[in-house]
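When we follow the UniProt record's numbering, the leftmost residue of the sequence shown carries the number 1, and every step to the right adds one.
Presented below is the structure to which this report refers.
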Amino acid sequence: MEPPQAPRDDVGELAYRDLMSEDGNTVYTDAIVEFTDGTLAKFTTAEILPNRTLRVTYTDTLYVDKGYVGDNEHQALTVTDTAVYNDGVWRSVNPPKRGVLMVGTWGKRRDGQDYHTRHPVEADVTADEAREHAKKWLSNYLPEQEVERKKHLFSTDIELGNSDKTARFYMYWPHGIDDDRNIALETRARLNAYHWRPDPDSTPD
1 MEPPQAPRDD VGELAYRDLM SEDGNTVYTD AIVEFTDGTL AKFTTAEILP
51 NRTLRVTYTD TLYVDKGYVG DNEHQALTVT DTAVYNDGVW RSVNPPKRGV
101 LMVGTWGKRR DGQDYHTRHP VEADVTADEA REHAKKWLSN YLPEQEVERK
151 KHLFSTDIEL GNSDKTARFY MYWPHGIDDD RNIALETRAR LNAYHWRPDP
201 DSTPD
């Protein structure tokens with residue numbers, strides 16, 4: 001049986017429908033909410049209630065110190081807050097932004113020459129999914145425990161064990177490299193609408 005659908009005007013077709021609340025309402029995960037004043041906010045979950053009230057949760061990950069002083073060990077813990085927005089305050093719920101996870105690697109070849117390569121790791125991923133794919137990629141070079149200890153994957157150079165390689169992850173979003181600004185899906189589609197058909201002048205004979 002199909003899960004209940006939110007009104008078409010409220011939710012983009014690609015929005016997640018991963019969860020169901022105890023009341024039978026659809027819960028959208030990693031949702032970008034567009035408010036009536038045009039501002040956007042990304043929430044961990046967004047649930048549209050029957051009276052068009054929007055109940056959202058926001059989860060932060062805190063990396064707290066763990067173990068002996070000087071070991072530089074951290075443990076990831078989460079804190080979740082909840083808020084409710086009345087009808088008329090919000091306009092739409094959008095899917096999480098998706099892009100391409102990239103990695104750049106550099107080092108020296110056996111002949112002593114420097115090299116620098118870039119290639120895609122995984123396409124069509126959200127920021128959260130990209131982090132997991134980055135960990136999987138790193139597991140080819142580093143022990144699992146060392147990979148899990150890394151707090152920053154996208155803002156630092158990572159030495160790849162004994163391979164004499166260095167890597168750096170970055171995201172390529174629809175609007176360019178590292179341009180991870182939240183944009184309502186309707187706005188993104190409108191901005192890109194002119195790409196739907198090639199320019200006749202650029203079509204080869």
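For each residue, glycine too, the CB sits at the ideal point set by N, CA and C.
Every value quoted in this text rests on a predicted model; they were computed, and no experiment measured them.
Unbroken beta strand (DSSP E) runs of no fewer than 3 residues, entirely contained in the region 149 to 180, are found at 165 to 173, following chain order.
Pairwise C-beta distances place the region 61 to 77 out of contact with the region 117 to 126, as fewer than three of them are shorter than 8 Å. With a minimum length of 4 residues, there is no unbroken run of alpha helix (DSSP H) contained wholly in the region 78 to 125.
Glu34 is classed as buried because its beta carbon has at least 16 other beta carbons within 10 Å across all chains shown. Comparing alpha carbon positions, the residue from Ala134, Pro143, Val93, Asn86 closest to Val103 is Ala134.
In chain order, Asp65, Lys66, Gly67, Arg149 place their CB closer than 8 Å to the CB of Glu73, counting only its own chain and leaving out the 5 sequence neighbours on each side. In the assembly as shown, Ser139 is an exposed residue. Its beta-carbon has fewer than 16 other beta-carbons within 10 Å. Judged by DSSP secondary structure, Arg131 falls outside any beta strand (DSSP E) and instead within the alpha helix (DSSP H) spanning 127 to 138. Under the DSSP assignment, Tyr58 falls in the beta strand (DSSP E) whose first and last residues are 54 to 66. Its Cα nearest to that of Phe154, the residue Phe169 stands out among Phe169, Gln145, Leu142. The alpha-carbon separation between Thr57 and Trp90 amounts to approximately 15 Å.
Between the alpha carbons of Ala83 and Pro96 lies a distance of about 19 Å. Distance from the CA atom of Leu77 to the CA atom of Thr156, rounded to whole angstroms, is 22 Å. Rounded to the nearest whole angstrom, the C-alpha separation of Ser163 and Thr26 is 47 Å. The beta-bridge partner set that DSSP reports for Leu40 consists of Glu34. Val27 carries a strand assignment under DSSP once its states are collapsed to helix, strand and coil.
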